[in-house]
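Single-structure report; data block below.
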Amino acid sequence: MSTGTGQAVQKESRSPRFDWSRLLLNAILPFAGVVAALAIAGIFLALLKTDPLGAYLTLIDGALGSTFGITQTLVKATPLLLVGLGICIAFRANVINIGAEGQIIMGALAGAAIPLSLPDLPGLILIPAACLGGFLAGGIWGFIPGILKARLRVNEILSTIMMNAIALQFMNFLLQGPLMDPENVKRGTFLAQSARLPQQVWLPRLVPQTLLHAGLILAIVLAVLVYVFLWRTTIGYQIRAVGLSPEASRYSGIDVGRNVALSMALAGGFAGLAGVIEVIGVQHRLMEGLTSGYGFTGIVAALLGGLHPLGLLPASAFFGGLLVGADKMQRAVQIPSSLVTAILGMIVLVVSGAGIWARTWAARRLAGRRREEEERA
Amino acid sequence: MKGVLHIGVLTGILNSMIALATPFLYAAIGETFAQTAGVVNLGVDGIMLLAGFAAFFVTLTTGNLWLGLLAAALVGLLMGLIMSLVSVTLKAEQGVSGIGLYMFGLGMSSLLFKVLVGTVKTVEGFRPVDIPLLSAIPFFGQILFHNSVLVYGAFLLVPLAWVVLEKTTLGLKLKAVGQNPAAADSLGISVVGIRYLAVCLGAVLAGIAGASLSISLLNLFQDDLTAGQGFIAVALVYFGGWSPFGVLAGALLFSVVNSIQLWMQVLGVNLPASVAVMLPYALTILALMISANRARQPAALNKPFDRSEN
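So the sequence lines, in the order shown, correspond to chains A and B.
Numbering-wise, the working numbering puts 219 at position 219 of the first sequence, and it's gapless, one number per residue.
If you want the working numbering, it's the position in the second sequence, counting the first as 1, plus 1000.
In structure tokens, the structure reads:
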């Protein structure tokens, strides 16, 4: 036992050189996964007698072909980035948070209810209040499955899926009752949406004539902060330690359960914040279909970004573009945008499958090379 | 409220309980096989969706329900192979790959439905078949012995699965691979082979579960037809303690709650529909909390097997 550890330490100290193969893998794998998924989806499109190349060109044109397209890509990247940050934190603690959809909804509910009930407060107070409220609401929605996992070992994937369904029904209930737009009720249209939020809570636009709002800046700042949190603070270190080895963490005195619950609460908080930002930045009211699948897309963005806040920046921009382009594709060449969901699924399958395989392969290669060097020495 | 306890309503509730339990049973028994061998397949819902669409579409175009069922089983098999390839051969994190499979099924079924069908259409699904003599029993006859073939199949599957798991060599191998793959491997059992078999068998059953929704219970297809039933089915495996009869008890509990919820809406009980729809999901979380005693859990559940590590 002791000799084994000694050897490992020795190996570690003997090869201080930077592990290039690992970096290369982290960069190439996601790219290859996306290409593979797009290729498979293209085959499906061809089988359905549509022109895959034309469809993909339309998609790229929709996402990047105009100023409005580019700003829309960034508008959609914003909630993906926020959701993805939370997913990263949870994943680092080895907790798989599938509950972002529900957490976005709970955050959006709080983010709409707070300004609607305090319409006379100035924006400088109301915007932070809405953000904080949404962060807390989403955080609670994440904390529940987190504490259930920590204390009762309830499978978090299943519980968060159920929490999603409950949150969705809760929003429907509120939108068809207490939160329904009074104007709507008066006119008898009964659309399931809330009243418009007071103007002072709307986030300022970054580019006139577009929907691009200040939420993007907030999200980018938070990405840097999450990086610092995970790699430069004690709590972040503990979360990562718990993810790497709960047993070792427990032996060294880290409260595993507390870190699991905390990581889920933070994940929920970031998803909740995404909900608030979507409400006060884009929609300016609460309405059905608000999440647009950001919860699931955010998971895929986080995986593709290597579960790293900074890798998440390009990943969420990419998926924002994919969502915007798919809308254009649906309008221009009548290919349903549900294609994107299928593509996302394939990306996850390819990246999760190939990821472990490639890492094992790289590790073996590295071990082989070390052995050679040792023999030579 | 007096009307609620009317005998006709009680028959109705029990009748739909039996029907609603059907997809849960196929999917959860199938997942029991996969998990007994140590693989958690979280893509059940996606398999149900894509296979459910296949069954619906083939039935719609050929008019042959059995061909529809076959299509569902084949789609299930194909998705089972994908899941096995990614989770068993490539040793991916099973939670993540399962979610990938779910999203693939969700998106692909919606895409194919919109492109190939487009509008809401219904098919003539499996009709109820009376079991001679037994269906004439007052009250219970109509509840238990006046159902479609797929319903009978689901309830017969429970004892069948029990026999396979408890009384056959295959069952023993499944358990060995799920409890201690290294030991099973050293005895010459192919861990990879058994896991492929278990996952694919489970996926075929998940496919039939989807078909039981689209060509037996509802006789239509729409986006997200399952509304998370596949995930509830996975939860039922935990709830049932990896035993077919435990799964049966869970499936009946869930379907009776669902059935009461539906009947409350029919009878106009004063409860918002959205609150009623929440019930099964909340119940699932509760069930997971109750079934937290994991003593029976296959020891190698969720752990990919790597020969070189042993």
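By construction, the Cβ of each residue, glycine as well, lies at the ideal position given by its N, Cα and C atoms.
Could you compute how far the alpha carbon of I125 of chain A sits from the alpha carbon of G133 of chain A? 12 angstroms
Note down, in chain order, each residue of its chain lying with its Cβ closer than 8 angstroms to the Cβ of N1147 of chain B, except the 5 sequence neighbours on either side. I1018, A1019, P1128, V1129
C-alpha distance - F1139 of chain B paired with L1220 of chain B, whole-angstrom precision: 29 angstroms
C-alpha gap between D1185 of chain B and V1191 of chain B, whole angstroms: 6 angstroms
Using 7 angstroms as the threshold, is the C-beta distance between V1177 of chain B and A1055 of chain B below it? no
For R370 of chain A, which three-state DSSP category applies? helix
Whole-Å CB distance - L1042 of chain B paired with V154 of chain A, under 8 angstroms assumed: At roughly 15 angstroms, the Cβ-Cβ gap does not stay under 8 angstroms, so L1042 of chain B and V154 of chain A are not in contact.
Does any CB atom of chain A fall closer than 7 angstroms to the CB of K1002 of chain B? For K1002 of chain B, the predicted structure reports a pLDDT of 48, less than 50, and the residue's modelled location is therefore unreliable. A value from the coordinates is still provided. No - not a single Cβ of chain A is within 7 angstroms of the one on K1002 of chain B.
Which stretch, first to last residue, makes up the alpha helix (DSSP H) that contains S1255 of chain B? 1244-1266
With DSSP run on the structure shown, which of helix, strand or coil describes Q1222 of chain B? coil
Does K1091 of chain B come within less than 7 angstroms of chain A when only Cβ atoms are used? yes
Which residues does DSSP pair with D1130 of chain B in a beta bridge? B:H1146
Does Y234 of chain A come out as helix, strand or coil in the three-state DSSP assignment? The sequence given here places Thr at residue 234 of chain A; Tyr does not occur at that position. Reduced to three states, the DSSP call for T234 of chain A is helix.
Using a cut-off of 9 angstroms between C-beta atoms, extract the partners of W357 of chain A located in chain B. T1089, L1090, K1091, A1092
Residues of the segment 131-159 of chain A in Cβ contact with chain B at a cutoff of 7 angstroms, in chain order, please. L148, L152, R153, V154, N155, I157, L158, S159
Nearest chain A C-beta to V1086 of chain B closer than 7 angstroms, yes or no? yes
Residues that V333 of chain A contacts on chain B, provided the C-beta gap is smaller than 9 angstroms: Under the 9 angstroms cutoff, chain B gives no residues; its nearest Cβ is about 12 angstroms from V333 of chain A.
Taking M264 of chain A as the reference, give the member of A:R364, A:Q103, A:G42 with the closest Cα. A:Q103
If you reduce the DSSP assignment to three classes, tell me which class T1119 of chain B lands in. coil
Within 7 angstroms (strictly less), CB to CB, does S1110 of chain B reach chain A? yes
Using the Cβ count rule (16 or more neighbours within 10 Å means buried), how would you classify K1175 of chain B? buried
Considering only residues of the same chain and omitting the five flanking positions on each side of K1173 of chain B, which have a CB-CB separation below 6 angstroms? I1189, I1194
Nearest CA to the CA of A1100 of chain B: which residue from A:E373, A:T360, A:V351? It should be noted that the sequence gives Gly, not Ala, for residue 1100 of chain B. Of A:E373, A:T360, A:V351, the residue nearest in Cα terms is A:V351.
Along chain B, which residues have their Cβ under 8 angstroms away from the Cβ of F190 of chain A? The contacting residues do not exist; F190 of chain A stays about 14 angstroms from chain B at best.
From the DSSP output, in three-state form, read off R187 of chain A for me. helix
Could you tell me if F1245 of chain B is buried or exposed, where buried requires 16 or more neighbouring beta carbons within 10 angstroms of its beta carbon? exposed
Quick one: does M329 of chain A have its CB under 7 angstroms from some CB of chain B? no
7 angstroms Cβ cutoff, P1272 of chain B in contact with chain A: yes
DSSP three-state label for R196 of chain A, please. coil
Straight-line Cα distance separating P128 of chain A from V1164 of chain B: 60 angstroms
Return no unless some Cβ of chain B is closer than 7 angstroms to the Cβ of G341 of chain A. Looking at the sequence provided, one finds Thr at residue 341 of chain A rather than Gly. Interface residue, yes.
Just the chain A side, please: which residues come within less than 7 angstroms of V1115 of chain B by C-beta, in chain order? L48, P336
Taking Cβ positions, are L1065 of chain B and T1226 of chain B nearer each other than 7 angstroms? no
Please tell me whether, using a cut-off of 6 angstroms, the distance from the CB of P1138 of chain B to the nearest non-hydrogen atom of the ligand GDP is below it. Ligands are entirely absent from the displayed structure, and the ligand GDP is therefore not among its contents.
Go to F1239 of chain B, then tell me how far its alpha helix (DSSP H) extends in each direction, as first and last residue. 1229-1239
Counting only C-beta atoms, is F1104 of chain B closer than 7 angstroms to chain A at any point? yes
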